[in-house]
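Its first residue numbered 1, the sequence shown is counted upward by one per residue in the UniProt record's numbering. In what follows, a structure is listed as structure tokens, so that the remarks can point back to it.
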Amino acid sequence: MPLTLLNCDRSIPERKKHTYIKDSTEEVLPLCDIQTTPGDFTERGCTYAGCLGVVCGPIKDVIHLVHGPIGCSYWTWGGGTRQNLSDNPSFHRKYCFSTDMQEKNIIFGGEEKLYDSIIEAHEEFPEAKGVFVYATCAIGLIGDDIEAVCKQAEEEIGIKVVGFNCEGFRGCSQSLGHHIANDALFERVVGTKEPEYTTDYDMNIIGDYNIQGDLWLMEPLFERMGIRILSAFTGNSSIDDIAQAHRAKLNLMHCQRSTPYICEQIKEKYGIPYIRASLFGIEQTSNALRDVAAFFGLEEKAEEIIADEVSKVAPKIEEYREKFRGKRIFIYQGAPRAWHWVEMFREIGIETIAAATTFGHEEDYAKICERVKDGTIVIDNPNSIELEEILTELKPDIFISGLKEKYLAYKLGIPFINGHSYEKGPYAVYSGFLNFARDVEKSIFAPVWGMIRRRDAKRND
Ligand code: SF4
1 MPLTLLNCDR SIPERKKHTY IKDSTEEVLP LCDIQTTPGD FTERGCTYAG CLGVVCGPIK
61 DVIHLVHGPI GCSYWTWGGG TRQNLSDNPS FHRKYCFSTD MQEKNIIFGG EEKLYDSIIE
121 AHEEFPEAKG VFVYATCAIG LIGDDIEAVC KQAEEEIGIK VVGFNCEGFR GCSQSLGHHI
181 ANDALFERVV GTKEPEYTTD YDMNIIGDYN IQGDLWLMEP LFERMGIRIL SAFTGNSSID
241 DIAQAHRAKL NLMHCQRSTP YICEQIKEKY GIPYIRASLF GIEQTSNALR DVAAFFGLEE
301 KAEEIIADEV SKVAPKIEEY REKFRGKRIF IYQGAPRAWH WVEMFREIGI ETIAAATTFG
361 HEEDYAKICE RVKDGTIVID NPNSIELEEI LTELKPDIFI SGLKEKYLAY KLGIPFINGH
421 SYEKGPYAVY SGFLNFARDV EKSIFAPVWG MIRRRDAKRN D
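Laid out in structure tokens, this is it:
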């Protein structure tokens with residue numbers, strides 16, 4: 001059977017259904033997008049994390065107010081973790097807003113405190129163009145009606161106050177938080193403002209969060225083609241940009257796990273089609289440009305840009321391919337990046353020998369399985385003990401994951417690269433691909449690994 005039980009999972013045999021060894025003669029998908037098995041020390045984020053941390057957080061000019069105990073706000077402050085860059089750094093991600101619910105608020109209800117907090121935050125930051133309120137677990141349990149409070153506060157302060165019922169315990173992972181964010185933004189924001197003017201070449205990029213400036217590399221490529229980016233959802237976006245997204249001619253869906261919801265809704269209500277694309281690596285970026293060009297009738301221009309960009313990066317990428325020949329990687333990402341990265345690594349000559357996602361759906365695993373060779377481990381929502389077993393057994397030459405797994409890799413003496421918030425990105429499109437390859441090189445060939453190997457060899461003498 002291609003499903004397998006890792007040694008560390010003998011006490012939770014349910015994990016076998018989540019762990020697949022790719023076998024093209026017996027194709028199955030690992031079980032995914034279901035509640036975590038009790039006893040499995042999952043690394044998943046909660047629904048609130050998906051709503052604020054992924055989709056809404058990059059919006060640069062609203063107050064992101066967390067309604068809950070202060071602990072839920074811990075990672076909302078500062079740009080050091082997620083690194084969604086914006087051109088409004090004196091406000092965006094600089095402050096942490098929380099209702100800081102205390103025991104007596106939990107007992108007697110927090111609606112009054114929420115109302116007062118919205119008013120106070122608005123008074124402190126009158127330049128903010130909206131207030132977004134996020135419900136956490138405690139709020140779901142005590143039953144505060146955040147939508148009623150938001151409505152009342154909106155009437156008082158005269159700017160949009162949007163509530164998100166994204167209590168952490170809802171759903172099985174942060175994935176539901178993406179859906180809740182998309183729904184609320186679609187219902188309360190999209191379509192509430194008209195752009196100053198429109199053109200026949202207006203496009204939205206949906207699902208890019210401007211990690212270390214990815215979006216700032218994407219936009220100029222399309223602009224050279226003659227396309228105007230009307231709204232980026234949500235990297236470096238103003239709430240006004242989201243409000244006018246309904247006037248674009250096309251939606252380019254980049255993160256294909258966190259945004260299909262809004263793309264579908266916009267298509268249904270406003271008749272705007274969308275195309276799925278990956279803007280990572282040479283081949284995927286070129287395909288994306290060609291697809292967009294075909295929609296707008298700009299094929300010739302696109303070919304010119306592709307030829308120009310490829311000529312600038314291809315020789316260096318060829319050098320990296322030579323250098324990385326025979327290297328193997330374990331990829332663990334949120335969801336679609338796992339299959340985007342398989343292609344990125346293939347282009348620089350590195351083979352994927354294990355792949356995993358935290359909150360991937362079947363569609364993500366189908367795409368991973370299409371792209372990897374037989375014998376590759378494909379595991380859903382691995383915990384750190386499983387990661388340790390896979391890393392120790394397979395000994396990949398490099399592991400790509402997020403901050404939580406970085407130190408596990410280092411302790412095991414395995415080169416690591418941060419695929420969530422990057423090492424020294426941006427990593428998107430052509431020039432970002434060079435940054436990506438450079439960071440892979442720096443990690444694999446860092447002198448420290450040689451020192452560790454020599455130390456271990458001495459110890460074994
Ligand atoms: S799981 Fe609940 S308590 Fe924990 S961070 Fe998420 S919302 Fe807050």
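Every residue gets a Cβ at the ideal spot worked out from N, C-alpha and C, and that includes glycine.
| query | result |
| --- | --- |
| Glu167: CB within 7 Å of a non-hydrogen atom of the ligand SF4 | yes |
| Beta-bridge partners of Asp208, as assigned by DSSP | Thr234 |
| 8 Å Cβ cutoff met for Leu5 and Asp380 | no |
| Nearest residue (CA-CA) to Phe345, options His18, Gly360, Ala335 and Phe324 | Phe324 |
| Cβ-heavy atom distance, Tyr427 to the ligand SF4, below 7 Å | no |
| Inter-stretch contact (C-beta, 8 Å, three-pair minimum) for the stretch 66-79 and the stretch 97-117 | yes |
| Beta strand (DSSP E) segments (min. 3 residues) lying fully within the stretch 42-111 | 63-67 |
| Where the beta strand (DSSP E) containing Glu351 begins and where it ends | Glu351 to Thr357 |
| Contact under 8 Å by Cβ, Ile331 with Ala355 | yes |
| Euclidean distance between Cα positions of Lys22 and Gly375 | 5 Å |
| Every unbroken alpha helix (DSSP H) inside the stretch 391-460 [4 residues or more] | 403-411, 429-444 and 447-460 |
| Best match in Leu250, Lys312, Glu363 and Glu147 for proximity to Ala294 [C-alpha to C-alpha] | Leu250 |
| heavy atom of the ligand SF4 below 7 Å from Thr36 C-beta | no |
| Coarse secondary structure for Tyr261, derived from DSSP in three states | helix |
| Cβ separation of His246 and Ile227, assumed to be a contact under 8 Å, to the nearest whole Å | Wrong, their Cβ atoms sit about 17 Å apart, outside the cutoff. |
| Cβ-Cβ separation, Ser258 to Asp61 (assumed contact under 8 Å), whole Å | Asp61 to Ser258, Cβ: 21 Å. No contact. |
| Pairwise C-alpha distance: Lys113 and Asn435 | 46 Å |
| Stretch-stretch touch, CB-based, cutoff 8 Å, three pairs: the stretch 123-141 with the stretch 156-167 | yes |
| Cβ pair count under 8 Å reaching 3, the stretch 205-217 against the stretch 164-172 | no |
| Given Ile107 as reference, the closest of Leu141, Ala243, Ala338 and Ile282 once Cα atoms are compared | Leu141 |
| Option in Ile282, Glu300 and Cys369 with minimal Cα separation from Val429 | Ile282 |
| Spatially closest choice to His178 from Pro58, Ala338, Ile12 and Ile444, by CA coordinates | Pro58 |
| Any non-hydrogen atom of the ligand SF4 closer than 7 Å to Cys72 Cβ | yes |
| Opening and closing residue of the alpha helix (DSSP H) in which Val378 lies | Not the alpha helix (DSSP H): Val378 falls in the beta strand (DSSP E), residues Ile377 to Asp380. |
| Counterpart residues of Thr192 in DSSP-defined beta bridges | BP columns for Thr192 are empty, so no partner. |
| C-alpha distance - Ala437 paired with Glu196, whole-angstrom precision | 41 Å |
| Contact set for Ala288: own chain, Cβ-Cβ below 6 Å, skip 5 residues either direction | Ala277 and Leu279 |
| Any non-hydrogen atom of the ligand SF4 within 7 Å of Thr42 CB | no |
| Residue span of the beta strand (DSSP E) that contains Val133, given as start and end | Gly130 to Ala135 |
| Runs of beta strand (DSSP E) wholly within the stretch 284-338 (minimum 3 residues, chain order) | 328-333 |
| Residue from Leu298, Cys8, Gln244 and Arg290 whose Cα sits closest to the Cα of Ile272 | Gln244 |
| Buried versus exposed call for Leu403 [16 or more other C-beta atoms within 10 Å across all chains shown] | exposed |
| beta-carbon Ala181 near the ligand SF4 non-hydrogen atom, thresh 7 Å | no |
| Distance between Ser98 and Glu319 (C-alpha atoms, nearest Å) | 50 Å |
| Helix, strand or coil at Val149 [DSSP, three-state] | helix |
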